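Scroll down for the structure; my scribbles are underneath it.
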Amino acid sequence: MRFIETRGNDGIKAKYVTFSEAILSPSASFGGLYVPEQLPKLDDEFIAKHLDSSYKTLALDFLTKCDIDIDNDILQEALARYDAFDDAANPVPVVQIEDDCFVSELYHGPTRAFKDMALQPFGYILSSLAKKRDENYLIMAATSGDTGPATLETFKNQSNVKVACLYPDGGTSDVQRLQMVTEDASNLFVFGVKGDFDDTQNALKSLLASEDFNETLKAKNIKLSAANSVNFGRIIFQIIYHIHSYIVLLRDKKISMGDKIYLVVPSGNFGNALGAYYAKKMGLPVAKILISSNRNNILTDWITNGAYDLTSRHLVHTISPAMDILKSSNVERILFDKFGYERTKELMDDLASNGKYELTSEELEVLREDFDASFSTDEECEDVIGEYAKKGYIMDPHTATCIRAYKTLREQKLPTVVYSTAEWTKFSPTVSRALGHEVKNDIDALDWIKDHVHLKVPKMVTELFSKPLIHEKVIDKNTIKENIFSIL
Ligand SMILES: *Cc1c(COP(=O)(O)O)cnc(C)c1O
């Protein structure tokens, strides 16, 4: 698999790069992203072959098909990270909640959100490459709550990689904050920042662009990479669980080979949805990918009327904070795939200079061949959580946004897979409120839900409340630079 660039080549960067190169330095010409030049085909034979495979076996065969420049033993060691999930034999359970609705639970990893699905193996691969090349990397992460813990967890004690993680002080749940500030490893650095997520992210962006920061890195021989989903190293692992969903429905005789299904994906940066799109493009029988959002519903607009318009919007804080995003990075990879690099560059330049762009009606039609979209308000999500709790299934607020898409967007009554991206334990005060019980903090919510709904709270969550706090620093956003310098 070779990689090309979404905005074309600037004549300075290489025209084609390998998988390793794309993940070690993920920024492409003109501020674009790397995308595979070609995707392998997924035929019935491949799917039939894996009817009884474990998740790891399926994943390894898929990665081998992709023909990336990573040794087979490294891939196997990376995939062995799934052995630490709740059930090593079945890291991604698929649970039926309606006759034709199945929830693929992507949150059974160490940090209880779907970010582990990709970051766990990705972190192992990146660190192995750094070691092999004898290079040192810095990963900077600004997080609204799920990327931070998953990035720290995957690079914990890995050689040749340091992680600096910035989170908005007071802007995450207690569980999310504790997952970060209790991480104890000498290569991990965590700072709370006074301000909200946008302040934190903007401060990080200006640091990354600053000359003295880049010169200091160079002088110290440190390279910069990224662990967010602009990095294709995450996307490749986010294709596999969509194939797995189809195989599970087939194995359980809910569908026959070739039958189409819907996939419902709760989206922010569109990485999960991009994985579904690539799986469909490779040949997985998917009728459509249904995108769900919260009130930051810019993706709903984009997919229903072709307008991507930041100018009329400001970010609103919702109970599904991992989707409180307006600039959705992976939309660019869809634009490239559908309309080519020239048009992508034109649209992305429009977005940068005018804060908006609009697809033509022909382009919109092409986009809607694969996607449809809807959004839910916080109240609607709480209703959904309450409704399904009564039927015995507890879901987190991100997953709850999917139910409306499942109920309203399907043109045919096809079996549908909904992706559950976080465990309820990460957003327990919201879930508790949806069940009719107001609480002040996570620990009270976890206790109340555990007793009233008879659910287990996993050990890695309960333990957080008694672990020593390692990273207690809360800094002003104007001092991010000196604080980062101090760890290099
Ligand atoms: C990151 C995240 C999302 C959004 O996923 P994208 O790939 O960025 O679209 C949704 N839900 C949860 C819980 C997340 O952590």
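Residues in the sequence shown are numbered from 19 upward in steps of one, following the numbering used here.
Ideal Cβ positions, reconstructed from N, Cα and C, are used throughout, including at glycine.
All values reported here derive from a predicted model rather than from experimental measurement.
Margin query: I need the boundaries of the alpha helix (DSSP H) containing Thr434, first residue and last residue.
Written below: Within the sequence shown, the letter at position 416 stands for residue 434. From DSSP, Thr434 is part of no alpha helix (DSSP H) but of the beta strand (DSSP E) over Thr434 to Ser438.
Notebook entry, point to check: Which word fits Arg151, buried or exposed, when buried means at least 16 other C-beta atoms lie within 10 angstroms of its C-beta?
Noted result: Taking the first residue of the sequence shown as position 1, residue 151 is located at position 133. Classification of Arg151: exposed, given that the 10 Å Cβ count is below 16.
Check: Skipping 5 residues on each side, what residues in its chain have a beta carbon closer than 7 angstroms to that of Lys125?
Finding: Counting from one through the sequence shown, the residue named residue 125 turns up at place 107. The question names Lys, yet the displayed sequence has Tyr at residue 125. Ala131, Phe132, Ser438, Thr439, Ala440 and Glu441.
Next item on the list: Check whether the stretch 216 to 236 touches the stretch 245 to 263, taking contact to mean three or more Cβ pairs, one atom from each stretch, closer than 8 angstroms.
Entry: no
Item checked: Nearest neighbour of Ser162, chosen from Leu317, Ile343, Asp202 and Asn205 [CA to CA] -> Sequence index remark: in the sequence shown, residue 162 carries index 144 (1-based). Answer by Cα proximity: Ile343.
Check: Can you give the Cα-Cα distance for Ala291 and Ala340, rounded to whole angstroms?
Finding: By one-based count along the sequence shown, residue 291 stands at place 273. By one-based count along the sequence shown, residue 340 stands at place 322. The alpha-carbon atoms of Ala291 and Ala340 are separated by roughly 14 angstroms.
Next item on the list: Flag this pair as yes or no: are the beta carbons of Asn287 and Ser191 separated by less than 8 angstroms?
Entry: Here the question's residue 287 lines up with position 269 in the sequence shown. Here the question's residue 191 lines up with position 173 in the sequence shown. Contact flag unset, no.
Next item on the list: Tell me, please, which residues DSSP counts as bridged to Asp327.
Entry: As a position in the sequence shown, residue 327 is number 309, starting the count at 1. DSSP, once it has assigned bridges, lists Lys374 as partnering Asp327.
Notebook entry, point to check: How long is the line joining the alpha carbons of Gly189 and Ile65, rounded to whole angstroms?
Noted result: Within the sequence shown, numbered from 1, the residue matching residue 189 stands at position 171. Within the sequence shown, numbered from 1, the residue matching residue 65 stands at position 47. Approximately 42 angstroms, taken between the alpha carbons.
Next item on the list: Have a look at the DSSP bridge pairing and note the partners of Asp390.
Entry: Position 372 of the sequence shown, counted from the start, is the residue given in the question as residue 390. Asp390 is bridged to Leu308.
Note to self: Quick check: is any heavy atom of ligand 1 less than 7 angstroms from the C-beta of Ser285?
What the structure shows: Numbered from its first residue, the sequence shown carries residue 285 at position 267. Yes, Cβ of Ser285 sits closer than 7 angstroms to a heavy atom of ligand 1.
Margin query: Given the structure, does His416 come close to ligand 1, in the sense that its CB is under 7 angstroms from one of the ligand's heavy atoms?
Written below: Taking the sequence shown and counting its residues from 1, the one referred to as residue 416 is at position 398. Yes.
Next item on the list: Could you have a look at Val113 and say whether DSSP puts it in helix, strand or coil?
Entry: Mapped onto the sequence shown, residue 113 falls at position 95. Strand, per DSSP.
Next item on the list: Would you identify the three-state DSSP class for Asn154, choosing helix, strand or coil?
Entry: By 1-based counting over the sequence shown, the position of residue 154 is 136. Strand.
Next item on the list: Label Met275 either buried or exposed according to how many other C-beta atoms from any shown protein chain fall within 10 Å of its C-beta, with 16 as the threshold for buried.
Entry: For the purposes of this step, residue 275 is taken as the residue at position 257 of the sequence shown. Exposed: under 16 other Cβ atoms inside 10 Å.
Checklist line | Entirely enclosed alpha helix (DSSP H) segments - the stretch 422 to 494, minimum 4 residues | finding: 446 to 452, 460 to 471 and 477 to 480
Notebook entry, point to check: What are the boundary residues of the alpha helix (DSSP H) that Glu397 is part of?
Noted result: In the sequence shown, counting from the first residue as 1, residue 397 sits at position 379. Residues Asp396 to Lys408.
Next item on the list: Inspect the CB distances between the stretch 351 to 358 and the stretch 292 to 301 and report whether three or more fall short of 8 angstroms.
Entry: yes
Notebook entry, point to check: Is Met413 near ligand 1, in the sense that its beta carbon is under 7 angstroms from a heavy atom of that ligand?
Noted result: Locating residue 413 in the sequence shown gives position 395, where the first residue counts as 1. No, ligand 1 has no heavy atom inside 7 angstroms of this Cβ.
Note to self: Please report the straight-line C-alpha distance between Ser71 and Val282, rounded to a whole angstrom.
What the structure shows: As a first step, residue 71 is located in the sequence shown; it is residue number 53 there, counting from the start. As a first step, residue 282 is located in the sequence shown; it is residue number 264 there, counting from the start. Roughly 24 angstroms between the two C-alpha positions.
Next item on the list: Could you spell out where the alpha helix (DSSP H) holding Glu7 opens and where it closes?
Entry: Not covered by the structure: residue 7. The range shown for the chain is 19 to 506.
Item checked: DSSP state of Gly210 mapped onto helix, strand, coil -> On the sequence shown, position 192 is the one that residue 210 refers to. Strand, per DSSP.
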